[in-house]
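A short worksheet on the structure shown next.
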Amino acid sequence: MKLEICCYSIDDVILAFNNGADRIEFCAGRSDGGLTPSYGDLLQLSQLNLPIPIHPIIRPRGGDFLYSQCEINTMLMDIELVRNLNYSGIVFGCLQANGHIDIKNIEKLLHAAQGLSVTFHRAFDVCNDPILALKQLNELGVNRLLTSGQQQDATKGIKLIEQLHKLTQSTLIMPGCGVRSSNIENFKAIGITEFHSSASLSYPSPMQYQNHNVTMSHNKNDEFLRYGIDPHEIQTMKALLN
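Numbering (numbering that gives the first Met the number 0), first residue to last: 0 to 241.
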């Protein structure tokens, strides 16, 4: 059984690795639900040569998953960069305007990603036919599917997750969003073998001077709050999976 940890900084990647994570999803843009990391972060992390699979997300912006041709081109170039930096996998997803899987563009992205492990991310959770989508992803040869079962968190979507797991062929089902030590055994009980968690925690900013009259974020309550991962939570989940 494998535990994948979602990390939004290089410091968190190192912390997750040191506390037992089996794989990392590496992202920027926490408030957007994960965006492609910068070149500087990708280069710096690759130079650490950590002995653990690290899969950067390839997502050019937040919001919906209907991408323009320019955005698809950006994703293709980012995949090439990730390949050249010797990462072992990537995470992406794209949809058509009608909510179906965008097979044409996924085929382009998969061709660019040959040799890399591919996870289709939670774009799946806003597609309009999850059973058809899984069939298509199986046929396309995607390695795994990250899903909350089309609910706000995976515990609420566990029935669909179980159904998808029973239907899977080449595409492994990996629950994510709200997976913690308090519920991970529920997913283990339905036969799931890979799990995705942010193991997140928040802590106060170390800034001593704080001007609360100005905000740089959408949520001013987050201005002097930082987010990271909880090493104890990772250790606890790993112990439950052994």
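Here a beta-carbon is modelled for each residue, glycine too, at the ideal position from N, C-alpha and C.
Just so you know, these numbers come straight off a predicted model, no measurement behind them.
Proximal residues to residue i (C-beta, below 7 Å), its chain only, five neighbours per side dropped
i    : result
C93  : F64, Y66, D101, N104, I105 and A122
R143 : T118, T170, L171, M173 and E193
Q168 : N137
M206 : F223
Euclidean distance between Cα positions of residue i and residue j
i    : j    : result
K237 : L2   : 7 Å
I233 : D10  : 15 Å
S199 : Q68  : 34 Å
G277 : I157 : Since the first residue shown for the chain is 0 and the last is 241, residue 277 is missing from the structure and cannot be characterised.
Q162 : N185 : 14 Å
V90  : L80  : 14 Å
Option nearest residue i by Cα separation, candidates the options
i    : options                   : result
L42  : L144, I53 and A188        : I53
G114 : K187, R82 and N72         : R82
G190 : Y208, T214, K165 and S204 : K165
Q149 : I130, L139 and H211       : I130
Residues near residue i by beta carbon distance below 6 Å, same chain, minus five either side
i    : result
L75  : A111
M0   : T192 and L240
R225 : Y202 and S204
Cβ-heavy atom distance, residue i to the ligand ATP, below 7 Å
i   : result
L42 : The ligand content of the structure shown is nil, which means the ligand ATP is not present either.
Rounded Cβ spacing between residue i and residue j (contact assumed at less than 8 Å)
i    : j    : result
S196 : V178 : 4 Å
P55  : F16  : Incorrect: roughly 15 Å between the Cβ atoms, too far for contact.
L108 : I78  : 7 Å
S116 : G88  : 3 Å
I23  : I228 : Contact doesn't hold; Cβ gap of about 10 Å is too wide.
Cβ-based neighbour list, residue i, same chain, cut-off 8 Å, excluding 5 preceding and 5 following
i    : result
E60  : A small fix is needed here, since residue 60 is Arg in this sequence, not Glu. Within the same chain, R60 has close Cβ partners D31, L34 and E70.
I57  : T35, M74, D77, I78, V81, I89, V90, F91 and L108
D128 : G98 and H99
Q: Kindly provide the ranges of any alpha helix (DSSP H) runs that are 4 or more residues long and lie completely inside the region 165-199, ordered along the chain.
A: Runs of the alpha helix (DSSP H) inside the region 165-199: 183-187.
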